[in-house]
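If you read the first sequence in UniProt numbering, its first letter stands for residue 1, the second for the next number, and so on.
Each residue gets a CB set at the ideal place from its N, CA and C atoms; glycine is no exception.
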Amino acid sequence: MPTMANSHFKQPNGTVSNNDSRRQKLLQQRKSLPIATVEKRLVEEIRNNHILIIVGETGSGKTTQLPQYLFKAGFCHDGKLVGVTQPRRVAAVTVAKRVAEECGVQLGQRVGYSVRFDDMTSGSTRIKYMTDGLLLREALLDPYLSKYSVIVVDEAHERTVHTDVLLALLKSVQKARSQTANELVGRENSSNDANLEKGKEAQTTGPLKKGQGAKFPPLRLVIMSASLDAQIFSEYFGGAKAVHVQGRQFPVDIFYTLHAETDYVEAAMVTIFQIHSEEAPGDILVFLTGQEEIESVEGLVRDKLPQLPEGNRNIVTVPIYASLPSEQQMKAFMPAPAGFRKVILATNIAETSVTIPGIKYVVDPGVVKARNYNPRTGIESLNVIPTSKAQALQRSGRAGREGAGKCFRLYTEREFEKLADSTVPEIKRCNLSNVILQLKALGVDDIIGFDFMEKPSRMAIVKSLEELFLLGALTEDYKLSDPIGKQMARLPLDPIYSKALILSSQFNCLEEMLIAVAMLSVESIFFTPREKQEEARTAIKRFSSTEGDHITLINVYRSCDEFLESGNANNSKDKIFKNMKKWCKDNFVNGRSLRHARDVHSQIRRHVEQMGLRIASCGEDMILFRRCLAASFFLNAALRQPDGTYRALASSQIVQIHPTSVLFRAKPDCIVFNELVRTNQNYIRDVTRIDPMWLTELAPHFYARQD
DNA sequence: GAGCACTGC
């Protein structure tokens, strides 16, 4: 149900009495945006052709303005919505706030947003910003997306898994909805020649049955991208028109090195000092690949400072990366002390997710740490690889947000020319089990023949189909099973976690599994500052279970719960929040992660209640819980070898327990693990001790044939 | 002995 957190502030007519001069100023700004000059043309294109690709650079105003143009042009009459998807929550939320202000309406009325755990829409919402993942979830309940007259997919060039799946889905929904409209009224002389072979394609590759969309008017699509290759989107959508909208960025001068650098960390450090001594005031943003590198550059800069002339030591470094607790992330946004130059040492987080003000200089070593997936071994890896040209452009753009800037690329121009144009779409480098489960639930039976923009490898598809079959989500002919597969698809979790939840009701430990799954679903729970490692270790020990990390995570969750219940009965929400923050800090727990886990927990709990699963606790008997883990994580089991390493049974890979595991030293004979990621070695994380006999007993379909 | 970035009715 939609919630309206601020409904008591609502004006009788749903609008907010705003300061007139501010409204005037906003209107002025809107009119001066580059996109404003093509408003009529865009609306006409969408009205006549049903689909449009918009290529708009940063600052064009496309995200905030186009939905307003569409509203004005009548696309929301008879209660239909304009939906706008974003890859990231923050973007959906902040853009919606901005647009509500521009429209002079209360957020959640005509303009709203919906992201996981936070719905700011109401019955009167007509322009709805949301995450692309959320729209995919909506499609499970409403396969024709019948509420929407137009869907705008923003930032499509980022090619996240969600965006790619959504584009494929929208293509078939659009086809289904316009076909039937054609047949019924015989109008819609669409330029989209895909209509020529209707029916056939819709039945073989589309999820939607022919004729079923008859009830709904045609769906308009707008694909918005910041990259220059509108071509691939256009081709995918049957030669759709593409319109370029100018951006509004300040110029950024690009500098390359004359020779290839052997050590880009050292080169970054040298460049920082060069900028500091030779260039005008302005902050520096340095892109590095991870925490370790960031800490090492911090150290190098600190060591170098005393060698500088005294007047030149006015420089401060600030780290920012995703796993850093929020309070420390905030420091990157604070202005440097007067007279100091701020150097932000960032991972990819600063490329798109956060925008730090005041950046005039960018230092780009041209590398990024990227996730990859090997379908043959089933191993995910984190590798440092060269960026793409598009990424390099995105990074340099960070220097031109507030004025002219400079970007120092720590590689030669020749090397730049050799870079790939764009980053490999995520769908080609991840485990597809979740994607396939969702597609199956949407009615797509033929995954290998499915019309992806870019097809994942056949091996990746087959591997995930097998995994889903082994988990019981698919039948022998690879159809979604009932009820297991259907239930699993409903849960917004990794398929293995969903399976664990469903099984746990039979093992009488759904209470425990809900907590474990919520904790496993979020980013790292513990945060250990480098300078307090010993202290952190003793703090974390208080939660440790000799049985493994899953029970340790449950202990953390429950300790926090108990703490919150013990002293907080009469406290305000604000006070509880503060107490929890303090508790997390004292216990070296990342507060953001734990809050996230609590949100996941309550969401998933609602789901399993609705499904009618029996919520029971195994109490002290954690053997039940571990047996349930074995029964659901059997694909992730490993046996200790004489040399202390482990052999993962499903893939025969040699792996090691990650040093952060409570079982790192204990090294039990047989374990199940949550994930296997290759960095310097094959590490398994979140590990629990099990009895090897349980595997043959509880997963005989997989282990009976092996001995 | 070590942790890219996102996201989910």
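Check                                                                                                                                     : Outcome
Cβ-based neighbour list, Pro700, same chain, cut-off 7 angstroms, excluding 5 preceding and 5 following                                   : none
Opening and closing residue of the alpha helix (DSSP H) in which Asn434 lies                                                              : 433-441
Cβ distance (whole Å) where Ala332 is taken to contact Ile315 below 8 angstroms                                                           : Wrong, their Cβ atoms sit about 15 angstroms apart, outside the cutoff.
Cβ-based burial, Thr355 [other Cβ within 10 Å; buried from 16]                                                                            : exposed
Close Cβ partners of His259 (< 6 angstroms) along its chain, the five nearest in sequence each way excluded                               : none
Cβ-based burial, Leu140 [other Cβ within 10 Å; buried from 16]                                                                            : exposed
Assigned exposure category for Phe634 - 16 Cβ within 10 Å defines buried                                                                  : buried
Assumed close pair Arg150, Ile320 - CB separation to whole angstroms, cut-off 8 angstroms                                                 : Arg is not the amino acid found at residue 150; the sequence shown has Val there. Not quite, the Cβ-Cβ distance comes to about 36 angstroms (not below 8 angstroms), so this is no contact.
Pick from Ser593, Glu351, Lys581, Arg626 that is closest to Val363, judged by C-alpha positions                                           : Glu351
Proximity winner among Ile623, Phe255, Thr387, Phe340, relative to Thr347 (alpha-carbon distances)                                        : Thr387
At least three beta-carbon pairs within less than 8 angstroms, the stretch 35-51 to the stretch 60-70                                     : yes
From Ser464, Asn682, Ala648, Asp154, residue whose alpha carbon lies closest to that of Val82                                             : Asp154
Own chain, CB closer than 8 angstroms to Leu288, minus 5 neighbours either side, in chain order                                           : Val265, Ala268, Ile294, Val297, Leu345, Ala346, Thr347, Pro365
Residues sharing a beta bridge with Asn526, DSSP                                                                                          : Here the sequence assigns Phe to residue 526, which means Asn is not the residue at that position. Note: Phe526 sits in a beta bridge opposite Val589.
Helix, strand or coil at Phe255 [DSSP, three-state]                                                                                       : strand
From Glu327, Leu219, Ser545, Leu26, residue whose alpha carbon lies closest to that of Val662                                             : Ser545
7 angstroms Cβ shell around Arg647 - same chain, five flanking residues per side excluded                                                 : Ala638, Leu639, Gln641, Ile654
C-alpha gap between Tyr144 and Leu27, whole angstroms                                                                                     : 36 angstroms
Which of helix, strand or coil DSSP assigns to Tyr321                                                                                     : coil
Chain-order list of residues whose beta-carbon lies under 8 angstroms from that of Asn372 (same chain, five-residue window excluded)      : Glu380, Ser381, Leu382, Asn383, Arg429
Extent of the continuous beta strand (DSSP E) run through Met334                                                                          : Looking at the DSSP string, Met334 is not in any beta strand (DSSP E), and its letter there is neither H nor E.
Own chain partners of Arg159 with C-beta closer than 6 angstroms, once the 5 adjacent residues on each side are dropped                   : Pro425
Helix, strand or coil at Pro692 according to DSSP, with G and I counted as helix                                                          : helix
Close beta carbons around Ser464, own chain, < 6 angstroms, minus the five adjacent residues each side                                    : Leu432, Ser433, Ile436
At least 3 beta-carbon pairs within less than 8 angstroms: the stretch 437-456 vs the stretch 401-418                                     : no
Length of the line joining the Cα atoms of Pro483 and Leu300                                                                              : 58 angstroms
Thr63, enclosing alpha helix (DSSP H) - first and last residue                                                                            : 62-72
Contacts around Cys584, its chain only, beta-carbon distance under 8 angstroms, and the 5 residues preceding and following it disregarded : Cys560, Asn590, Gly591, Leu594
Three-way DSSP call (helix, strand, coil) for Val286 in this model                                                                        : strand
Where Phe507 falls, given that 16 or more other Cβ within 10 Å makes a residue buried                                                     : buried
Whole-angstrom distance between Ala370 and Ala168, CA atom to CA atom                                                                     : 24 angstroms
Close Cβ partners of Asn6 (< 8 angstroms) along its chain, the five nearest in sequence each way excluded                                 : Residue placement at Asn6 cannot be trusted, given a pLDDT of 37 that sits under 50; the coordinates are not used to answer.
Neighbourhood of Asp691 by C-beta distance below 7 angstroms, restricted to the same chain and skipping five residues each side           : Cys670
Local conformation of Met453 per DSSP, three classes                                                                                      : coil
Nearest-angstrom Cα separation, counted from Glu138 out to Leu474                                                                         : 22 angstroms
Within 7 angstroms, strictly: CB atoms of Ile427 and Asp164                                                                               : yes
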